[in-house]
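Protein chains in written order, with the working numbering: chain V, 14 to 181; chain B, 5 to 193. Where is the CB? At the ideal position from N, CA and C, for every residue including glycine. Written below as structure tokens is the structure these notes are about.
Here it is, written out as structure tokens:
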């Protein structure tokens, strides 16, 4: 067990583009173990990206199977090294929060379906299409690898919907 | 849940500013606050009708009296056509208690008629549903005005979204309005 502290914004690592993983070695396996332990330790956490524990590498772990939004539609525990989204479609808004940005939540629009390709720690390349909540989790965690926080994705103020142009 | 407090050595005030909309209301207000050394900790500002309304929680290192703040606003803001109000906050009013229950968006809309806000919010209040955010708009056409109300509310811990929905079912028929309740409890990644 090696639960790592979660970095909180404005830690600069959270805004950096993470490095591509080149060596599938013990160091990587240790990083993944730490990420999984940290995810399991977070209250209701469904994913952690390496930059959140201070490692600027393109690695994230996701597991939505214990979450009410994801329990019926998921691919179990995902250990993603150098993940890429190769296709995306659809759009839905969900209110997101993030362990690295405490006490703030906002509505974020994400694709409802993403096809993701990544390497597993043993070097095996995997590709599948995730939908619904798992797709949202993948996009949120992968954003961390490019230095994006959900704050960069909030699309609209909720009061904007019914504003009228003129008043009589 | 532990209440979150950031009071420390700070005096807190609730400040409201309302005036006929024009560019610069926020800048004028923020300038007064900045000059006084106040921090805007929380704020919500929006257009209501042709008015621009600001609600702020501001803090200042103690000692700092409410009358200093009021005097500055009276002098600098009111002369620009803005109405203001200042209230001192006690330490326990500054603490933010994280809600325990589900967060819901309740949308209510239908032909305009008196009592929509009252009836819906009374029903919610009587069941211990706590409103976080509420806004209403009169839309539609002059001959067929439509009233829209959006409520973000925290349900009591034991209440589910379906129960909240059921609770409003009776009003839906009585007022002939559409009411829907959906879960928007944030997901933390």
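Any beta-carbon of chain B closer than 8 Å to the one on residue i?
i, result
"residue 118 of chain V", "yes"
"residue 124 of chain V", "no"
"residue 148 of chain V", "no"
"residue 133 of chain V", "no"
"residue 67 of chain V", "no"
"residue 112 of chain V", "yes"
"residue 180 of chain V", "At residue 180 of chain V the pLDDT is 38, less than 50, meaning the model places this residue with poor confidence and gives no usable figure here."
"residue 108 of chain V", "yes"
"residue 121 of chain V", "no"
"residue 49 of chain V", "no"
"residue 103 of chain V", "no"
"residue 16 of chain V", "no"
"residue 59 of chain V", "yes"
Would you verify that the beta carbon of residue i is, or is not, closer than 8 Å to some beta carbon of chain V?
i, result
"residue 190 of chain B", "yes"
"residue 193 of chain B", "yes"
"residue 7 of chain B", "In this predicted model, residue 7 of chain B has a pLDDT of only 48, less than 50, meaning its place in the structure is not dependable; the value taken from the coordinates is given anyway. Closer than 8 Å: no."
"residue 21 of chain B", "no"
"residue 24 of chain B", "no"
Please return the same chain residues whose Cβ sits closer than 6 Å to the Cβ of residue i, not counting the five positions on each side in sequence.
i, result
"residue 86 of chain B", "21 and 23"
"residue 15 of chain V", "47 and 50"
"residue 169 of chain B", "185"
"residue 28 of chain V", "160"
"residue 132 of chain B", "160"
"residue 106 of chain V", "120 and 122"
"residue 109 of chain V", "121 and 163"
"residue 111 of chain V", "163"
"residue 83 of chain B", "none"
"residue 89 of chain B", "20"
For residue i, count the other beta carbons within 10 Å of its own beta carbon; 16 or more makes it buried, fewer makes it exposed. Which is it?
i, result
"residue 36 of chain V", "exposed"
"residue 99 of chain B", "exposed"
"residue 135 of chain B", "exposed"
"residue 184 of chain B", "exposed"
"residue 138 of chain V", "exposed"
"residue 15 of chain B", "buried"
"residue 51 of chain B", "exposed"
"residue 83 of chain V", "buried"
"residue 79 of chain B", "exposed"
"residue 99 of chain V", "exposed"
"residue 142 of chain B", "exposed"
"residue 33 of chain V", "exposed"
"residue 54 of chain B", "exposed"
"residue 43 of chain V", "exposed"
"residue 151 of chain V", "buried"
"residue 38 of chain V", "exposed"
"residue 131 of chain V", "buried"
For residue i, I'd like the list of residues in its chain whose CB is within less than 8 Å of its CB, leaving aside the five on either flank, ordered along the chain.
i, result
"residue 161 of chain V", "none"
"residue 188 of chain B", "107, 108, 109 and 156"
Excluding the 5 residues preceding and the 5 following residue i in the sequence, name in chain order all residues of the same chain whose CB lies nearer than 7 Å to its CB.
i, result
"residue 37 of chain B", "44 and 62"
"residue 66 of chain B", "13, 14 and 15"
"residue 175 of chain B", "123, 124, 127 and 183"
"residue 144 of chain V", "86, 125 and 126"
"residue 120 of chain B", "112, 151, 153, 179 and 181"
"residue 30 of chain V", "159 and 160"
"residue 116 of chain B", "142, 149, 150 and 151"
Could you list which residues in chain C have their beta carbon closer than 8 Å to that of residue i, in chain order?
i, result
"residue 127 of chain V", "In the structure shown, chain C cannot be found, because the protein chains are V and B."
Cβ of residue i within 7 Å of any heavy atom in the ligand COA?
i, result
"residue 44 of chain V", "Among the components modelled here there is no ligand, and therefore nothing to report on the ligand COA."
Item to check | Interface positions of the stretch 27 to 45 of chain V facing chain B (Cβ-Cβ less than 8 Å), listed along the chain | outcome: Closer than 8 Å at the C-beta level to chain B, one finds no residue of the stretch 27 to 45 of chain V.
Item to check | Contact list for the stretch 63 to 96 of chain V against chain B, Cβ threshold 7 Å | outcome: Considering only beta carbons, the part of the stretch 63 to 96 of chain V lying closer than 7 Å to chain B consists of 82, in chain order.
Next on the checklist: Which complete beta strand (DSSP E) runs does the stretch 55 to 112 of chain B hold, if anything under 3 residues is left out?
Outcome noted: Counting whole runs of 3 or more residues, the stretch 55 to 112 of chain B contains the beta strand (DSSP E) stretches 55 to 65 and 86 to 93.
Item to check | Length-filtered (3 minimum) beta strand (DSSP E) runs lying within the stretch 127 to 185 of chain B | outcome: Fully enclosed beta strand (DSSP E) runs of 3 or longer: 134 to 144 and 149 to 158.
Next on the checklist: Beta carbons nearer than 8 Å to chain B: which residues of the stretch 153 to 169 of chain V have them?
Outcome noted: Against chain B - using a Cβ distance shorter than 8 Å - the residues of the stretch 153 to 169 of chain V are 153, 154 and 163.
Checklist entry - At which residue ranges does the stretch 83 to 167 of chain V contain complete alpha helix (DSSP H) runs of 4 or more residues, listed in the order of the chain? => result Segments of the alpha helix (DSSP H) lying fully in the stretch 83 to 167 of chain V: 145 to 158.
Checklist entry - Which full runs of the beta strand (DSSP E) of 3+ residues lie inside the stretch 26 to 66 of chain V, going along the chain? => result At a cut-off of 3 residues, the continuous stretches assigned as beta strand (DSSP E) that sit fully inside the stretch 26 to 66 of chain V are 60 to 62.
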